[in-house]
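Data first, discussion second: the structure below is written as structure tokens.
Residue numbers (this note's numbering): 30 to 199.
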């Protein structure tokens, strides 16, 4: 950053909010300030290992830009039949974040995202409560947030060489 090679420095993760909190704590101890942090934020996250409840307040308090991802849980949340795509996006847009990053792999998905932006109005407390009530039971064990509960999304699990040599090996 000081050399002008990069504008912003941040980190991302999706497994557990405690990892994010530890990163932020270590940065603080070393007098380093991240510009942004990316994490899963969606209507089910609120109920299980919640980045929204644990990490988001810290980021906002410390002036770090929160970047949301996994509005549809890749798209397992939609398979729960508890929330419609536009509702899921509206929930995310209602959070105090800089941006909600969505995967766009077709014109239909792009149109859906644009419709969510066009029709978004801040949700009332009653609307948020209704969405959370509808998703609570499905969300409690992380069944629809597999990036938190399985190794399916862990690149280093499948490619340990990305981490370098094992200092304990041979």
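Don't be surprised by glycine CBs; every beta carbon is placed ideally from N, CA and C.
{"Check": "Assuming residue 118 and residue 100 make a contact with CB atoms under 8 Å, what is their CB distance in whole Å?", "Outcome": "6 Å"}
{"Check": "Any contact of the stretch 128 to 141 with the stretch 157 to 171, i.e. 3+ C-beta pairs under 8 Å?", "Outcome": "no"}
{"Check": "In whole angstroms, give me the CA-to-CA distance for residue 166 and residue 152.", "Outcome": "21 Å"}
{"Check": "Identify every residue that forms a DSSP beta bridge with residue 121.", "Outcome": "According to DSSP, which records beta bridges pairwise, residue 121 is partnered with nothing at all."}
{"Check": "How is residue 86 classed by DSSP in three states: helix, strand or coil?", "Outcome": "helix"}
{"Check": "Around the C-beta of residue 169, are 16 or more other C-beta atoms found within 10 angstroms, so that it is buried, or is it exposed?", "Outcome": "exposed"}
{"Check": "Quick one: what's got a C-beta closer than 6 Å to residue 141's C-beta in the same chain, skipping five residues either side?", "Outcome": "114"}
{"Check": "With 16 as the cutoff for other CB atoms within 10 Å, does residue 67 come out buried or exposed?", "Outcome": "buried"}
{"Check": "Measure from the alpha carbon of residue 148 to the alpha carbon of each residue in 47, 122, 177, then state which is nearest.", "Outcome": "122"}
{"Check": "Residue 133 to residue 44, Cα distance in whole Å?", "Outcome": "22 Å"}
{"Check": "Can the beta-carbon of residue 37 be found closer than 8 Å to that of residue 103?", "Outcome": "no"}
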